[in-house]
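The block underneath contains the structure these notes are about, expressed in structure tokens.
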Amino acid sequence: MDAECGTERGFGNLACTLNCYDREIGFGNLERPITEALKLGERIMIPWLKPGKTAVITGGANGIGLAAARRFMSAGMNVLIADRDEAAMQAAVDALPKGTGALATMLCDVSDPEQVEGLRASAFDRFGAVHCLMNNAGTALGRPEPWEDLATWRRQLDVNLWGIIHGCHAFVPSMLDADGRVAIINTGSKQGITNPPGGYAYNLSKAGVLAYTQSLAHALRQRSDCPISVHLLVPGFTYSNMIARFVPQKPPGAWTTEQVVDHMVESLERGDFCILCPDGDTPPELDRRRIQWNADDIIRNRPALSRWHPDFAAEYEAFIKG
Ligand SMILES: NC(=O)c1ccc[n+]([C@@H]2O[C@H](COP(=O)([O-])OP(=O)(O)OC[C@H]3O[C@@H](n4cnc5c(N)ncnc54)[C@H](O)[C@@H]3O)[C@@H](O)[C@H]2O)c1
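Count along the sequence shown from 1, add 63, and you get the number used in my numbering.
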């Protein structure tokens, strides 16, 4: 279960955004540099969130991916849902309202690079272009100790981290030829930032997603006229299938998947790189302090994960209270 809750915003990699959105910004006929608009806290148009554009969403048969599919379809986009759960995909097709765009599905296990390459080929064959790739498929497997159950460790990384790497390897070369602005959204987790004890393999997979997505954003930013903007979606505690497996009723503090997607769209409109989602349990300042404390473990030469070390309990409590 992805249990690290809370939010933070505003650590966006503006430079990538600048690279990718600079010519798209427009408020009416007014054309200004995006830097100016972002400084003023204004929103920018999301160039690809419109009728006729196409989104590919991995893990789109359930949860956050399904909510994104609904949102994109309501904007008139074509949506291709890729998932390994065939029954859930059929249920999604039945449940999604018919939009002006097309809805397609494809059985795909993101841990298999050949299947992901097949997904890319199908998407481009069917729609001619992909304007948003949402690498969202993820799973939370067991909670083995760091030295136990190699198969679970490997599978956790194969799906959550390699699935995203496979998606980018398959789609980025084609998306670089895009005619207009396009986006890649990789779904990470706060557990990949603060590494709370227990879900060690999951945390590692999501820490990898963070590092990989930062690298992707930077590497693409080096290219002149790069059409791709890169974003890291970091949901808070979200009541999806992943959580419902452990918690049969939605806890009041959990966000709905629709809230996450609403927040994602608002963050994209601001051009955020890191889309840190709030939830009902963790105020933004608490989240900021958790992240800060974790980074300070290295800077201050504290024991690993000192937030959970008894000798640091009082200091940590005082720190998060400010
Ligand atoms: N729910 C939360 O609190 C939370 C918090 C932080 C991050 N996340 C992340 O959000 C993403 C979406 O999760 P969710 O909460 O909507 O969960 P979910 O279980 O509702 O949806 C995940 C989807 O991914 C699919 N999937 C799993 N493994 C796959 C594979 N190998 N190939 C293709 N599809 C696969 C599943 O079939 C499912 O449809 C995940 O990456 C998850 O780690 C969730």
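We treat Cβ as the ideally placed atom computed from N, Cα and C, and that holds for glycine.
Looking at residue j and residue i, is the spacing between their C-beta atoms short of 8 Å?
i    : j    : result
V222 : T117 : no
L166 : V156 : yes
G126 : I144 : no
A130 : T320 : yes
R244 : W111 : yes
G139 : T121 : no
L295 : L267 : no
A233 : R183 : yes
G271 : L331 : no
I228 : Y265 : no
V297 : F336 : no
D344 : G316 : yes
C231 : L279 : yes
P209 : Y263 : yes
Count the other CB atoms within 10 Å of the CB of residue i; is the residue buried (16 or more) or exposed (fewer)?
i    : result
Q153 : exposed
L213 : exposed
I361 : exposed
H281 : exposed
S287 : exposed
N76  : Because N76 carries a pLDDT of 28, less than 50, the predicted location of this residue cannot be relied on, and no value is offered for it.
Q312 : exposed
R95  : Caution is warranted here: a pLDDT of 40 is assigned to R95, below 50, making its placement in the model unreliable, and the coordinate value is therefore given only provisionally. Counting Cβ neighbours within 10 Å, R95 comes out exposed, since fewer than 16 surround it.
Determine which residues share a DSSP beta bridge with residue i and list them.
i    : result
M140 : In DSSP, M140 forms no bridge with anything.
D146 : L170
S393 : Examination of residue 393 is not possible in this model, given that the chain is present from 64 through 385 alone.
M197 : I120 and I248
L386 : Residue numbering for the chain in the displayed model covers 64 to 385; residue 386 lies beyond these limits and cannot be assessed.
W318 : T301
Whole-angstrom Cβ separation of residue i and residue j, contact assumed at under 8 Å?
i    : j    : result
F300 : D240 : So it is not a contact: roughly 39 Å between Cβ atoms.
M305 : I248 : Actually they do not touch by this definition, with Cβ atoms about 18 Å apart.
N357 : T257 : 5 Å
L159 : R133 : 6 Å
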